[in-house]
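Colleague:
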Amino acid sequence: MKLPAWFARVRWIAALPVLVFVALGAWAFTSPVGASPDDNFHLGSTWCAGGDRPGLCAPGTKPTERRVDAGLVRSGCYATDPKVSAGCQADQKLFSENRTVLAKHGSWNGGYPPVYYAVMNVFASPNIEVSVMVIRFVNILFFVLSGVALWLLLPVATRRPLLLMWTVTTLPLGLFLIPSNNPSSWAITAVPTAFLALYGFLKLRGRGLQRTLLGAVFALEVIAASGARADAAAFTVVGSVAAIALCWRRDRLFFYSLIIPAIMAGVAFAFFINAGQAAAASEGLRSGDGEPGQRSFWGVLVGNITRVPFLWQGAFGGWGLGWLDTPMPTLVSLGSTGVIVAVLFFAIGKSLRSRIWTAAAITFLAAAVPLYVLQRNLNYVGEQVQPRYILPLLIVVAGVILLAFERRRVTFTRPQAWILGAVLIPAGSLALFTNLKRYTHGLGDEALINLDATAEWWWSMPISPLTVWVVGSVSYTLVIIAVLYLSRRGGRVRAQQTISVSP
2 MKLPAWFARV
12 RWIAALPVLV
22 FVALGAWAFT
32 SPVGASPDDN
42 FHLGSTWCAG
52 GDRPGLCAPG
62 TKPTERRVDA
72 GLVRSGCYAT
82 DPKVSAGCQA
92 DQKLFSENRT
102 VLAKHGSWNG
112 GYPPVYYAVM
122 NVFASPNIEV
132 SVMVIRFVNI
142 LFFVLSGVAL
152 WLLLPVATRR
162 PLLLMWTVTT
172 LPLGLFLIPS
182 NNPSSWAITA
192 VPTAFLALYG
202 FLKLRGRGLQ
212 RTLLGAVFAL
222 EVIAASGARA
232 DAAAFTVVGS
242 VAAIALCWRR
252 DRLFFYSLII
262 PAIMAGVAFA
272 FFINAGQAAA
282 ASEGLRSGDG
292 EPGQRSFWGV
302 LVGNITRVPF
312 LWQGAFGGWG
322 LGWLDTPMPT
332 LVSLGSTGVI
342 VAVLFFAIGK
352 SLRSRIWTAA
362 AITFLAAAVP
372 LYVLQRNLNY
382 VGEQVQPRYI
392 LPLLIVVAGV
402 ILLAFERRRV
412 TFTRPQAWIL
422 GAVLIPAGSL
432 ALFTNLKRYT
442 HGLGDEALIN
452 LDATAEWWWS
462 MPISPLTVWV
472 VGSVSYTLVI
482 IAVLYLSRRG
492 GRVRAQQTIS
502 VSP
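Per the working numbering, the very first residue in the sequence shown carries number 2; after that it's consecutive.
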């Protein structure tokens with residue numbers, strides 16, 4: 002019996018959230034405790050977010066210190082040297098002996114907004130390895146549920162931009178950070194989600210349940226982003242302004258609708274000014290290598306302007322993962338960068354002028370903000386400011402441009418879809434393999450292929466590193482196939498709901 006054409010679409014739609022969860026879950030297993038940037042700070046902050054608790058966090062000798070398990074602050078023994086595997090954790094018996102140390106750096110001194118740490122503290126326990134994995138999977142679930150909520154609530158025509166936005170912008174840095182213990186996970190998930198939720202909220206007219214739920218999703222995502230990172234709080238305001246500009250209408254209902262983003266902008270501002278990161282943005286960061294006092298203001302500025310694209314490309318494989326110590330193969334960096342440039346170039350040719358100008362304005366901010374922070378202390382690109390800080394903003398830029406796919410006639414040809422898949426699938430698999438190899442064996446032996454052979458580090462579970470790589474690669478492959486299939490099919494079928502488009 003021949004199945005109707007819609008059945009294949011429904012099948013892929015139903016499978017996609019599960020496939021995304023499995024693919025990100027594989028990435029969660031590829032990294033040991035302490036692998037994401039500054040985890041010695043973030044893990045200690047998470048364990049101490051609930052105050053003094055036996056077995057988790059105790060007062061230090063000074064008000065600015067806390068006494069925590071050594072595994073929280075010393076787990077990054079492999080950091081900065083890609084040839085050193087995570088086997089050093091077992092060598093130092095970080096998780097087999099209950100040793101405590103003084104942690105001098107943590108968010109208890111007011112450096113970060115408190116929401117992320119407070120939520121994740123619920124899952125903290127004396128068993129650090131288990132708690133770390135639970136937190137990672139909670140972050141994966143947050144990402145998947147955010148995407149599912151948007152898929153169900155957005156106008157049908159906006160679903161293709163939603164899928165493509167995440168597909169072309171998350172390889173490899175997003176795939177690494179979303180299933181991590183870093184607050185950047187929430188920033189990467191929540192800032193673009195808040196933008197699209199508000200966009201859908203403003204596009205829809207009336208007072209129906211769909212519109213109300215989109216407003217609720219927007220508010221929740223703003224709180225999540227603002228409660229994770231101060232810069233993410235500012236980026237939610239940027240995304241809100243972009244959504245308002247794209248949906249602008251001169252009618253009473255639209256102006257009433259602006260009450261919600263205005264309130265949430267106030268919430269974001271409150272988080273921003275009460276976090277230590279805001280001071281870093283206004284006063285600059287600590288200097289990197291070299292003597293800033295001997296540097297020329299104009300020399301640093303010109304040098305940084307020419308290097309901003311390098312900072313952007315760092316989100317797509319140009320910089321290393323982890324503590325910037327896991328370099329990505331050329332196939333990953335060129336493939337990921339090439340895909341996003343090609344897809345956005347294609348979409349710009351189909352975009353409305355208002356969307357192009359909006360994307361250009363956000364792109365300008367994605368350059369101006371890091372330039373300002375770097376210039377305050379005469380730092381060069383590569384010192385202090387990392388690609389993960391601005392990745393949420395870059396995803397919003399892509400989201401604005403990819404709204405061109407709301408039009409039914411805008412779609413990829415079959416050869417274009419095949420080329421995108423042929424680049425993304427091997428690049429994603431290779432990125433996963435490289436990250437696994439870096440922590441199980443170190444990156445010294447380029448000829449090593451069998452990840453199960455003489456692995457120096459791995460989790461205490463029956464699933465081997467090679468199995469994780471196979472499962473993750475297959476899942477990611479199916480995700481790409483599903484997205485490209487739905488993107489092409491969505492362009493050939495009549496949209497079930499008409500939305501107004503600004504001239």
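Glycine included, C-beta positions come from ideal geometry on N, C-alpha and C.
1) I'd like the list of long-range same chain contacts for L479, defined as Cβ closer than 7 Å, with 5 residues on each side in sequence excluded.
2) Could you tell me which uninterrupted beta strand (DSSP E) segments, each at least 3 residues in length, are contained entirely in the region 96–120, listed from first to last along the chain?
3) Comparing alpha-carbon positions, which option in L332, N305 and T307 lies nearest F317?
4) Tell me T327's beta-bridge partners as DSSP assigns them.
5) Under the assumption that G548 contacts I482 (Cβ atoms under 8 Å), give the Cβ distance between them as a whole number of angstroms.
6) To the nearest angstrom, how far is the alpha carbon of T414 from that of R489?
7) Can you tell me where the beta strand (DSSP E) holding D40 begins and where it ends?
8) For C58, which residues does DSSP report across the bridge?
9) Could you please give the first and the last residue of the uninterrupted alpha helix (DSSP H) stretch that includes R161?
10) So, helix, strand or coil for D532, using DSSP?
11) Can you tell which of L379, G175 and T31 has the C-alpha that lies nearest to the C-alpha of M507?
12) For F434, I'd like the list of residues in its chain whose CB is within less than 7 Å of its CB, leaving aside the five on either flank, ordered along the chain.
13) Which residues in the same chain have their Cβ closer than 7 Å to the Cβ of L345, if we skip the five residues on either side of it in sequence?
14) Looking only at its chain, what residues have a beta carbon closer than 6 Å to the beta carbon of I426, apart from the 5 residues adjacent to it on each side?
15) K351 lies in the alpha helix (DSSP H); which residues open and close that run?
16) Give the DSSP-derived three-state secondary structure of P388 in the structure shown.
17) Alpha helix (DSSP H) containing D92: first to last residue?
18) Using a Cβ-Cβ cut-off of 7 Å (strictly less than) and excluding sequence neighbours within five positions of A320, which residues of its own chain qualify?
19) State whether the region 378–398 contacts the region 434–454, with contact taken as three or more CB pairs (one from each stretch) at a distance under 8 Å.
20) Mapping the DSSP letters down to three states, classify R206 as helix, strand or coil.
21) Starting from the C-beta of E284, find all residues in its chain whose C-beta is less than 6 Å away, skip the five residues before and the five after it, and write them out in chain order.
22) Taking the alpha carbon of C78 as the point to measure from, which residue in D70, Q93 and P156 has its own alpha carbon closest?
23) Might you give, ordered along the chain, the residues of its own chain that have their beta carbon closer than 7 Å to the beta carbon of G291, omitting 5 neighbours on each side?
24) From this set, A266, K351 and D326, which residue's C-alpha is nearest A36's C-alpha?
25) With a CB to CB cut of under 8 Å and the five nearest residues on each side skipped, what residues in its chain are close to S147?
26) Just to confirm my understanding: we take L176, look at its own chain, exclude 5 residues before and 5 after, and list those with CB closer than 6 Å. What are they?
27) Does DSSP classify L444 as helix, strand or coil?
28) Just the Cα atoms here: how many angstroms apart are V242 and P262?
29) To the nearest angstrom, report how far apart A269 and I224 are at their CA atoms.
30) Since D232 is in the alpha helix (DSSP H), which residue starts that stretch and which ends it?
31) Which residue from S334, Q295, N99 and R230 puts its Cα closest to that of N275?
32) Could you give the DSSP three-state label for M134: helix, strand or coil?
33) Beta carbon of L197, beta carbon of C248: below 7 Å?
34) Go to G304, then tell me how far its alpha helix (DSSP H) extends in each direction, as first and last residue.
35) Between Y373, Y117 and G72, which lies nearest to E130 when the distance is taken from Cα to Cα?
Modeller: So, from the data block:
1) Reading the sequence shown from its first residue, position 478 is the one you call residue 479. If we look at L479 and ignore the five residues flanking it on each side, its Cβ neighbours are L20.
2) Look at the region 96–120 and you find these whole runs of beta strand (DSSP E), each 3 residues long or longer: 101–104.
3) On the sequence shown, position 316 is the one that residue 317 refers to. A check of alpha carbon separations from F317 across L332, N305 and T307 identifies L332 as the nearest.
4) Mapped onto the sequence shown, residue 327 falls at position 326. Here T327 is bridged, per DSSP, to L322.
5) Absent from the model: residue 548. The displayed extent of the chain is 2 to 504, so no value can be given.
6) Position 413 of the sequence shown holds residue 414. Position 488 of the sequence shown holds residue 489. In this structure, the straight-line span from the alpha carbon of T414 to that of R489 is close to 8 Å.
7) If you number the sequence shown from 1, residue 40 lands on position 39. Taken as a continuous stretch (DSSP letters only), D40 belongs to no beta strand (DSSP E), being part of the alpha helix (DSSP H) at D40 to W48.
8) Counting from one through the sequence shown, the residue named residue 58 turns up at place 57. DSSP lists R54 as the bridge partner or partners of C58.
9) By one-based count along the sequence shown, residue 161 stands at place 160. For R161, the enclosing alpha helix (DSSP H) begins and ends at R160 to T170.
10) Residue 532 lies beyond the range of the chain shown here (2 to 504); nothing can be said about it.
11) The chain is shown from 2 up to 504; residue 507 falls before or after that span and cannot be answered.
12) As a first step, residue 434 is located in the sequence shown; it is residue number 433 there, counting from the start. Result list for F434: W470, in chain order.
13) The residue given as residue 345 occupies position 344 in the sequence shown. Counting only residues of its own chain and dropping the five nearest sequence neighbours on each side, L345 has a CB closer than 7 Å to the CB of A399 and I402.
14) Along the sequence shown, read from residue 1 onward, the residue named residue 426 stands at position 425. Result list for I426: T478 and I481, in chain order.
15) Taking the sequence shown and counting its residues from 1, one reaches residue 351 at position 350. Premise fails: K351 is in no alpha helix (DSSP H) and is neither H nor E.
16) Sequence index remark: in the sequence shown, residue 388 carries index 387 (1-based). The three-state secondary structure of P388, taken from DSSP, is helix.
17) The residue labelled residue 92 in the question sits at position 91 within the sequence shown. For D92, the uninterrupted alpha helix (DSSP H) run begins and ends at C89 to D92, by DSSP.
18) The residue labelled residue 320 in the question sits at position 319 within the sequence shown. With the sequence shown as reference, residue 320 is identified as Trp, and Ala is not the correct amino acid for it. Same-chain partners within the cutoff: P388.
19) Contact fails between the region 378–398 and the region 434–454, because fewer than three Cβ pairs, one in each stretch, are under 8 Å apart.
20) As a working mapping, residue 206 is identified with position 205 in the sequence shown. For R206, the three-state secondary structure derived from DSSP is coil.
21) By one-based count along the sequence shown, residue 284 stands at place 283. Because the pLDDT of E284 is 43, which lies under 50, any placement of that residue in the model is unreliable, and the number read from its coordinates should be weighed accordingly. Correct list: empty, nothing qualifies.
22) For the purposes of this step, residue 78 is identified with residue 77 of the sequence shown, where counting begins at 1. Looking from the CA of C78, the closest CA among D70, Q93 and P156 belongs to Q93.
23) If you number the sequence shown from 1, residue 291 lands on position 290. Per-residue confidence for G291 stands at a pLDDT of 49, beneath the threshold of 50, marking its modelled position as unreliable; the derived number appears in the next sentence. Closer than 7 Å at Cβ, skipping near neighbours: no residue.
24) Here residue 36 refers to the residue found at position 35 of the sequence shown. Proximity to A36 across A266, K351 and D326 peaks at D326, based on C-alpha coordinates.
25) Taking the first residue of the sequence shown as position 1, residue 147 is located at position 146. Excluding five sequence positions before and after S147, the CB atoms of its chain that fall closer than 8 Å to its own CB belong to T190, A191, T194, V218 and E222, given in chain order.
26) Along the sequence shown, one-based indexing puts residue 176 at 175. So the qualifying residues of the chain are W28.
27) Here the question's residue 444 lines up with position 443 in the sequence shown. Of the three classes helix, strand and coil, the one that applies to L444 here is coil, per DSSP.
28) For the purposes of this step, residue 242 is identified with residue 241 of the sequence shown, where counting begins at 1. For the purposes of this step, residue 262 is identified with residue 261 of the sequence shown, where counting begins at 1. About 9 Å.
29) Within the sequence shown, residue 269 is the residue found at index 268, counting from 1. Within the sequence shown, residue 224 is the residue found at index 223, counting from 1. C-alpha separation (whole angstroms): 7 Å.
30) Residue mapping note: residue 232 aligns to position 231 of the sequence shown, counting from 1. Where D232 is concerned, the enclosing alpha helix (DSSP H) stretches over A231 to C248.
31) As a position in the sequence shown, residue 275 is number 274, starting the count at 1. Measuring from the Cα of N275, the nearest candidate turns out to be R230.
32) In the sequence shown, residue 134 corresponds to position 133, counting from 1. Note: M134 maps to helix in three-state DSSP.
33) The count along the sequence shown starts at 1 and reaches residue 197 at position 196. The count along the sequence shown starts at 1 and reaches residue 248 at position 247. Contact flag unset, no.
34) As a working note, residue 304 is residue 303 in the sequence shown. Per DSSP, G304 belongs to the alpha helix (DSSP H) from F298 to Q314.
35) One-based indexing of the sequence shown puts residue 130 at position 129. The shortest C-alpha separation from E130 is found at G72.
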